[in-house]
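Top to bottom, those sequences are chains H and R.
Using the numbering used here, read the first sequence as starting at 312 and increasing by one per residue.
Using the numbering used here, read the second sequence as starting at 5 and increasing by one per residue.
Presented below is the structure to which this report refers.
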Amino acid sequence: MLQLNPVQTFRDDFTYRNSPSAIQRFPFPFPQDEYRYSVNIEPHNGGPAGSVYEHWFDIDEHYLSEIRERAIVLKQDPARCQVRPHMRLAAWDTLEMLMEHFSQDYPEHFTLIRQGNDWMWINRPLEIEQRFRFGDDDSLPLAPFEYITRQAQGDWAMLDQRDGDLFMDGGIITGPADWSLDFDLGMSFKEWHGPVPLAHELGVFDRALKYLCNIQVDRPARRLNWTISINPLMDQSPENYHAWGASRATITPDNVARKVHLRVELQGLHRLPRSHALLFPIRTYLISLQDLVSQPGWGKRLRRVLMTLPPELVDYKGLTRYIGTIIDWLEPWDRDD
Amino acid sequence: MTQTRHRVRVSAVARLGPSIREIHLEPLEGDHLPAFSPGSHVVMELPLGEHVLRNAYSLTSSPFERSRYAIAVRRQPDSRGGSRWIHDELVPGRQLRIEAPNNYFPIRAPADGAPLLLIAGGIGITPFMSLLRARRPDSGPMSLHYAFRDRVDTAYLAELKRLLGSDLHTYESTAGERLDPASLLAAQHLGTQVAVCGPAAMIEAVRAKAAALGWPEQRVLYERFSAPAGGTPFRVRLQRSGRSIAVSSEETLLEALERAQVPVRSLCRAGVCGECRTDLLGGEAEHQDLFLSDQEKTAQCAVMPCVSRACAGGELLLDL
Ligand code: FES
Chain H
312 MLQLNPVQTF
322 RDDFTYRNSP
332 SAIQRFPFPF
342 PQDEYRYSVN
352 IEPHNGGPAG
362 SVYEHWFDID
372 EHYLSEIRER
382 AIVLKQDPAR
392 CQVRPHMRLA
402 AWDTLEMLME
412 HFSQDYPEHF
422 TLIRQGNDWM
432 WINRPLEIEQ
442 RFRFGDDDSL
452 PLAPFEYITR
462 QAQGDWAMLD
472 QRDGDLFMDG
482 GIITGPADWS
492 LDFDLGMSFK
502 EWHGPVPLAH
512 ELGVFDRALK
522 YLCNIQVDRP
532 ARRLNWTISI
542 NPLMDQSPEN
552 YHAWGASRAT
562 ITPDNVARKV
572 HLRVELQGLH
582 RLPRSHALLF
592 PIRTYLISLQ
602 DLVSQPGWGK
612 RLRRVLMTLP
622 PELVDYKGLT
632 RYIGTIIDWL
642 EPWDRDD
Chain R
5 MTQTRHRVRV
15 SAVARLGPSI
25 REIHLEPLEG
35 DHLPAFSPGS
45 HVVMELPLGE
55 HVLRNAYSLT
65 SSPFERSRYA
75 IAVRRQPDSR
85 GGSRWIHDEL
95 VPGRQLRIEA
105 PNNYFPIRAP
115 ADGAPLLLIA
125 GGIGITPFMS
135 LLRARRPDSG
145 PMSLHYAFRD
155 RVDTAYLAEL
165 KRLLGSDLHT
175 YESTAGERLD
185 PASLLAAQHL
195 GTQVAVCGPA
205 AMIEAVRAKA
215 AALGWPEQRV
225 LYERFSAPAG
235 GTPFRVRLQR
245 SGRSIAVSSE
255 ETLLEALERA
265 QVPVRSLCRA
275 GVCGECRTDL
285 LGGEAEHQDL
295 FLSDQEKTAQ
305 CAVMPCVSRA
315 CAGGELLLDL
């Protein structure tokens, strides 16, 4: 049974901590001792029990903290959740998919009871009991997409598929790694990937797009993405730049282990059955360097990846000012014995 | 990985014409089947004698109906026995297995409000039915041009008339009526989305005309109404196991490999999804798929066993 931590913070005093079991199940993203760009998309059809891949949508000990963090961000900036009008069917698809999977995979926390279109949703951690009619927007206190994703960890986007391309036509993005829904809304696949260096030349996006457009119902895919973050600060949006941009200059050999976090996104791609849109969850995991090196081999591997990272990417990920401090600090874990 | 399978029961067999049956399927477990989008198909397992044939059929029921699916099947004189089995053996009460719906022909109205033009040839009407049966007053402008041999043996005519009214245009070839893709396309508004399903010649004519008119490629969506199954027999050799397998004229390369218990991943079984891609080490293939790029096809470096065959009289060497 999944234990949920009491609420911790991703801002101000940063009380966010990983338990030993959260450290063990952290999705460490580097398969080899060297940086390599690839289309690392693979089927997302379950994984070892207890791992972040076990279920379609991972819920962990940080559930309550992330739900609260999302509410704070939305209160300050409601534009972090936007859904274009033609995505209404996709929004209901999303609600159904999340309710079905949460209640199947975490029955101790969630229950879904359906009688035709009369549904009842129970979310015990958040003390919610909601009766509504499936497909009827007015029967819920919020629009369906916002309603359900406010009860789910991670950011969520809906990608409309048309003309052989994907369009970012809805989402709730309160914990992004340097991108903005308000800016990307309505963009095509290549447009919203515009800033990523190198990948365009490698033809990576053409292949990825073809693959994504052919993802089928019940056969989701996933990939990992990573960056480095100062403090466990979820909301690294351009809108919030003042809160994180300057922190890059604060890293010293004394605080690097505590302050620097590896930030990993587990990105899923799920075909929504009625609308044929794609649901794109972006689930973020944060781990401090001092916790990371507690796992055998991870300190050495992270160091080698950082040492082989192309300069364009060092720059793109915003690591220029402190990558050297990290590499130096990790040196004791990279000795042959 | 294999696709989720669902056990279903045939709840009704309806006669849509002398050689067309509509089959209704209801779930054996639970009270609803997976939701799907217009243009989706299911792969159905047909137990034909000692082997199981896996055939794909478009879902013709409305996506809003979850308690049953419908498919329509025309009796094909030259078929591998699938349609004959459905027509002659399949009766209500019979239990079958189907795979969860897939969609490689996602038909939808353009988001910009431009009109949707549907072109169907014969039994190629089937993938459009789920869209049309779910049509609502606010679904946006659409019209259907439906060509067939003769009225008597044509699926869904009366229902389409009711659903579409004056947006239905029919062409009965035995009465001398012809659907001419060139003039039809030339008369369309700029930005129209076309979806065509029918014989290969019809699809080619539509695509060629659209290209000639300068339409963007993405505005022409097409689906062959059946994957090309069968052709001239040939042999494949498998590099890794050293085996040699005969592919008869009745079956696809994928089916022959499955029969010989060589595991190959597959999904669409129509040369679209890319799942079955297999490296080609020798021989010349007739590709027939929509997945490999032109360069890959010319280089003869891979085949899609669900549709590819050997060029006449040849033999293929596969990395299996
Ligand atoms: S199974 Fe999809 S291309 Fe062959």
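Positions of the beta carbon are idealized from the N, C-alpha and C atoms, including for glycine.
Computed from a predicted structure; not experimentally measured.
Cβ of L284 of chain R versus every heavy atom of the ligand FES: is any distance shorter than 7 Å?
no
Could I get the ranges of all uninterrupted beta strand (DSSP E) runs contained in the segment 565-604 of chain H, with 3 residues as the minimum, in chain order?
With a minimum length of 3 residues, the continuous beta strand (DSSP E) runs that stay inside the segment 565-604 of chain H are 571-582, 589-599.
Can you list, in chain order, the residues of its chain with a C-beta nearer than 7 Å to that of L183 of chain R? Leave out the 5 residues immediately preceding and following it.
H149, A151, Y175
Report the rounded CA-to-CA distance for R137 of chain R versus A204 of chain R, giving the unit in angstroms.
Using only the alpha carbons, I get a separation of about 25 Å.
Comparing the C-beta of G475 of chain H with each C-beta of chain R, is any distance below 8 Å?
yes
Quick check: what's the CA-CA separation for T256 of chain R versus D639 of chain H?
59 Å
Say whether the segment 10-17 of chain R touches the segment 622-631 of chain H, bearing in mind that this needs 3 or more beta-carbon pairs closer than 8 Å, one atom from each stretch.
no
Helix, strand or coil for G246 of chain R, going by three-state DSSP, please let me know.
The three-state secondary structure of G246 of chain R, taken from DSSP, is coil.
If we ignore side chains and look at the alpha-carbon of each, how far apart do M5 of chain R and A60 of chain R end up?
Model confidence at M5 of chain R stands at a pLDDT of 37, short of 50, so the residue's coordinates are unreliable; what they give is reported in the following sentence. Taking the straight line joining both Cα atoms gives about 18 Å.
Backbone CA spacing between R594 of chain H and P340 of chain H [nearest angstrom]
13 Å
Less than 8 Å separating the beta-carbons of G126 of chain R and G144 of chain R?
Cβ distance not < 8 Å, so G126 of chain R and G144 of chain R don't count as in contact.
Can you give me the C-alpha to C-alpha distance between V384 of chain H and F321 of chain H, rounded to a whole angstrom?
11 Å
For Y275 of chain H, tell me which candidate among H:A382, H:F494, H:R612, H:H412 has the shortest Cα-Cα distance.
The structure shown does not extend to residue 275 of chain H, since chain H spans only 312 to 648, so no value can be given for it.
In this structure, how does DSSP classify W644 of chain H when only helix, strand and coil are distinguished?
helix
As a quick exercise: from R:V240, R:S253, R:E259, pick the residue whose alpha carbon is nearest that of D283 of chain R.
R:V240
With a cut-off of 8 Å, does the C-beta of M5 of chain R fall near any C-beta of chain H?
Low confidence applies to M5 of chain R: its pLDDT is 37, below 50, so where it sits in the model is not reliable, and the reading given next is rough at best. Judged by the 8 Å Cβ criterion, M5 of chain R is in contact with chain H.
Can you tell me which residues form a DSSP beta bridge with R58 of chain R?
R:E49
For H397 of chain H, does the three-state DSSP call read helix, strand or coil?
helix
Less than 8 Å between CB atoms is the rule here; does P584 of chain H satisfy it with respect to chain R?
yes
Answer with buried or exposed for C280 of chain R, where buried requires no fewer than 16 other C-beta atoms within 10 angstroms of its C-beta.
C280 of chain R is buried by the Cβ-count criterion.
At the level of alpha carbons, what is the spacing between T8 of chain R and W644 of chain H?
45 Å
Give every residue of the same chain whose Cβ lies closer than 8 Å to the Cβ of P543 of chain H, excluding the five residues on either side of it in the sequence, and list them in chain order.
F321, F325, Y327, H572, L597, S599
Terminal residues of the continuous alpha helix (DSSP H) containing I27 of chain R?
From DSSP, I27 of chain R is part of no alpha helix (DSSP H) but of the beta strand (DSSP E) over 24-31.
Have a look at P622 of chain H and M410 of chain H and give me their C-alpha separation to the nearest angstrom.
43 Å
So if I threshold CB-CB distances at 7 Å, which residues from the segment 410-422 of chain H count as touching chain R?
Taking 7 Å as the Cβ-Cβ cut-off against chain R, none of the residues of the segment 410-422 of chain H qualify.
Given that a residue counts as buried once 16 or more other Cβ atoms are within 10 Å of its Cβ, and exposed if not, what is G97 of chain R?
exposed
In chain order, what residues of the segment 262-292 of chain R put their CB closer than 9 Å to some CB of chain H?
Look at the segment 262-292 of chain R: the residues with a C-beta under 9 Å from a C-beta of chain H are L271, C272, V276, C277, G278, E279.
Between I378 of chain H and L437 of chain H, which are expected to be in contact by the criterion C-beta below 8 Å, what is the C-beta distance as a whole number of angstroms?
Contact flag correct, Cβ pair sits at about 7 Å.
Rounded straight-line distance, which links the Cα of A401 of chain H to that of V528 of chain H
For V528 of chain H and A401 of chain H, the distance between alpha carbons rounds to 13 Å.
Buried or exposed by the 16-neighbour rule on C-beta atoms within 10 Å, applied to Y552 of chain H:
exposed
Given that D529 of chain H touches chain R, what residues does it touch there, using C-beta distances under 8 Å?
Q7, T8, P38, A104
Determine the closest residue to A104 of chain R out of R:S147, R:A39, R:E288, R:C305, with distance taken between C-alpha atoms.
R:A39
Measuring alpha carbon to alpha carbon, tell me which of H:D476, H:G481, H:C524 ends up nearest E502 of chain H.
H:D476
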